[in-house]
Amino acid sequence: MARRKEKTLNRDEVLREAFVLLDQRGLAGLSMRALAERLDVQAPALYWHFSDKAELTSLMTRAIYDEARSAVTSGGMASDWLLAYGRALHHRLATQRDAARLCVNAVPLEPSSKDAASSIALPLTTRGMESEAALEAIGSVTSLALGWASFEANGPMHAFLEDIIDIDRSFERGLQALVLGLNAGIQIQPST
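Numbered by UniProt numbering, the letters in the sequence shown go through residues 1 to 192 in order.
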């Protein structure tokens, strides 16, 4: 009997295929076994790249946030960055099946630390915001995008909202109001 040759995988390839699987089967259908079948490998081969499903979903979540952050062009003020990030994150969450649920349920990859906080806050601290205010602002915009994407992903709620409001315009107005309010309370440190 011929032995099956194991396929060589890399983490990026596995993550790409995990997103395809998420689109096809939703969060409930995303499993290590289903992903292994999709990649035509034995499930234990995935454990060379991920310790468990929790790590996989955490890395998927990080990829979603990283994609939204990298979609923001450089330059501009803190409020410009927050608006662009909010729009990019909302778009990413709204176009990927169950992405908002994935992000809400994922476990952070690293415990809370100053290094992680500094990295998250960096786009705004380089624009003169204090770190704590930057983290609060990013958290607020992220929460708004997650909330709206969750409503949009819920078929009955989406239909209800679509009948009474323009969903995209309402998200944009909410985002602008949030950032305007945050901007009013933000203390920008003077450049030295």
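Note that the Cβ used here is the ideal one computed from N, Cα and C, for glycine as well.
By the neighbour-count criterion, in which a residue is buried when 16 or more other Cβ atoms sit within 10 angstroms of its Cβ, L89 is buried. Annotated three-state conformation of M60 is helix, per DSSP.
Taking 8 Å as the cut-off, the beta carbon of L180 is found no closer than this to the beta carbon of L82.
Counting along the chain, no alpha helix (DSSP H) covers I165, and no H or E run does either. Under a 10 Å Cβ-count criterion, I165 is classified as exposed, with fewer than 16 other Cβ atoms of the shown protein chains found around its own Cβ.
The continuous alpha helix (DSSP H) containing S150 extends over residues S131 to A153. At least 8 Å separates the beta-carbon of V104 from that of Y85.
Taking the C-beta atoms as reference points, T61 is found nearer than 8 Å to L102.
Counting every other CB atom within 10 Å of its CB across the protein chains shown gives V107 a total below 16, marking it as exposed. Straight-line measurement puts the Cα of L59 at about 22 Å from the Cα of E136.
Spatial neighbours of E152 in its own chain (CB-CB distance under 6 Å, excluding positions within 5 residues in sequence) are listed in chain order as A94 and H158.
Here I167 really is in contact with L161; their C-beta atoms are around 6 Å apart, less than 8 Å. Going by C-alpha positions, A184 is about 10 Å away from S79.
At the C-beta level, A45 and L9 come within 8 Å of one another.
For F19, the enclosing alpha helix (DSSP H) begins and ends at R11 to R25.
Excluding residues up to 5 positions away in sequence, G86, L89, H90 and L93 lie with their Cβ nearer than 7 Å to the Cβ of A145 in the same chain.
Taking 8 Å as the cut-off, the Cβ atoms of D52 and R97 do not count as close. By the C-beta density criterion, V141 is buried, having at least 16 other C-beta atoms within 10 angstroms. Inter-residue distance for E17 and L39 is about 7 Å (C-alpha atoms, whole angstroms).
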